Ligand SMILES: *Cc1c(COP(=O)(O)O)cnc(C)c1O
C-alpha cells in the first residue's frame, strides 16, 4: 500500500475529530488541531500548510526559531504553539516567536514571561500545564498551586486561556482528561489542551479544545 500523503493524513485526523465531536454533541469547529511538527523540517511541513493547516506546535524554542520565521513568510496567518517544557532563560525568545504557550507551569517562568511580554509588547495566550500524577520531570504545576499561579498571571497581565496535561505513558488517558476538565471548570477556564495522536478522539469526547498531534500527521519520529 502506498504511503498516505500529508493531505490524506490531515483529512483522516480531521474526520476522526469531527466524528468524536459529533458523538459528544460538540461541533468540530470547537477543536483546534495543533500539528506538532517537532523534528520535521520545512519539507514535511509545507504540504500541510498547502492543505490548509494553520496551527503548528513545537517543543523546543531553538528548533522553532530555526524553522518557522521563513515558513511564516509563506503563510503569515500561521499560529505557532509552544507545547514543550520552557526554560525561563528562553522566555523572551518564546514570547517573541509563539502565539500560544501551552506549558506555563511555575512562578519563575511566569515572571520571566511577564517581563518578556512587557519588553516586547507581545502577549501570547497561555495554558497552564497541570501535573495530575506527581510526575514533575514532565513539567506541570501541582493542582494545589494552580490558584496562586492564576492570580499571579492575572496580576501580570498574562491571559490564561485554559489547562494542559500530558497523561502518564501507558495508562488509560480518559480519567486524566476528565480530571483536567474538572479543574478547568472549577476555575472558569474554557480551554483544554489535551490529546495526542493515540488518544485525541477520547480527549475530544471529554471536551478538548486543542489537540496536539504529531505522529498521526507526520509519521514516526526518528
Ligand atoms: C510530541 C508532542 C505531542 C505529539 O505527540 P504524538 O504522539 O506524536 O501525536 C503532543 N504534545 C506534546 C507536549 C509533545 O511533546
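Numbering (the working numbering), first residue to last: 126 to 347.
Cβ coordinates follow ideal geometry from the N, Cα and C atoms, glycine included.
Since this is a predicted model, take the numbers as computed values, not measurements.
**Report entry** Where residue 180 sits in the DSSP three-state scheme
**Finding:** Reduced to three states, the DSSP call for residue 180 is strand.
Query raised in the report: Whose CA, out of 202, 260, 254, lies closest to the CA of residue 271?
Result: Residue 254 is the option with its Cα nearest to residue 271.
Query raised in the report: Ordered along the chain, which non-local residues of its own chain (more than five positions away) have a Cβ less than 7 angstroms from that of residue 233?
Result: Closer than 7 angstroms at the Cβ level, and outside the excluded window around residue 233, lie 213.
Query raised in the report: Can you round the beta-carbon distance between residue 341 and residue 138 to whole angstroms, since I take them to be within the 8 angstroms contact cut?
Result: A Cβ-Cβ distance of about 5 angstroms is found for the pair residue 341 and residue 138, placing them in contact under the 8 angstroms criterion.
Query raised in the report: How many Å lie between residue 171 and residue 192 at the Cα?
Result: For residue 171 and residue 192, the distance between alpha carbons rounds to 11 angstroms.
Query - Nearest residue (CA-CA) to residue 199, options 302, 306, 173 - result: The shortest Cα separation from residue 199 among 302, 306, 173 belongs to 173.
Query - Within 8 angstroms, strictly: CB atoms of residue 189 and residue 229 - result: Not in contact: residue 189 and residue 229 (Cβ atoms no closer than 8 angstroms).
Query raised in the report: With respect to 7 angstroms, is the separation between the Cβ of residue 337 and the closest non-hydrogen atom of ligand 1 below this value?
Result: If you check the C-beta of residue 337 against ligand 1, you find a heavy atom less than 7 angstroms away.
Query raised in the report: How far does the alpha helix (DSSP H) with residue 186 in it reach, from first residue to last?
Result: Here the alpha helix (DSSP H) through residue 186 covers 186 to 199.
Query raised in the report: Which runs of the alpha helix (DSSP H), 4 residues or longer, sit entirely within the stretch 212 to 267?
Result: The stretch 212 to 267 contains these whole alpha helix (DSSP H) runs: 216 to 222, 232 to 245.
Query raised in the report: Mind checking residue 140: buried by the 16 CB within 10 Å criterion, or exposed?
Result: Burial call: exposed.
Report task. Please look up how many angstroms separate the CB atoms of residue 149 and residue 329, rounded, as I've assumed it's under 8 angstroms. Result -> Correct: roughly 7 angstroms between the Cβ atoms.
**Report entry** Sequence-distant residues of its chain with Cβ nearer than 8 angstroms to residue 244 (five each side left out)
**Finding:** Excluding positions up to five away in sequence, the list reads 217.
Query raised in the report: residue 321: beta carbon under 7 angstroms from a heavy atom of ligand 1?
Result: Checking every heavy atom of ligand 1 against the Cβ of residue 321, one is found closer than 7 angstroms.
Query raised in the report: For residue 238 versus residue 220, is the C-beta distance shorter than 8 angstroms?
Result: Going by C-beta atoms, residue 238 is nearer than 8 angstroms to residue 220.
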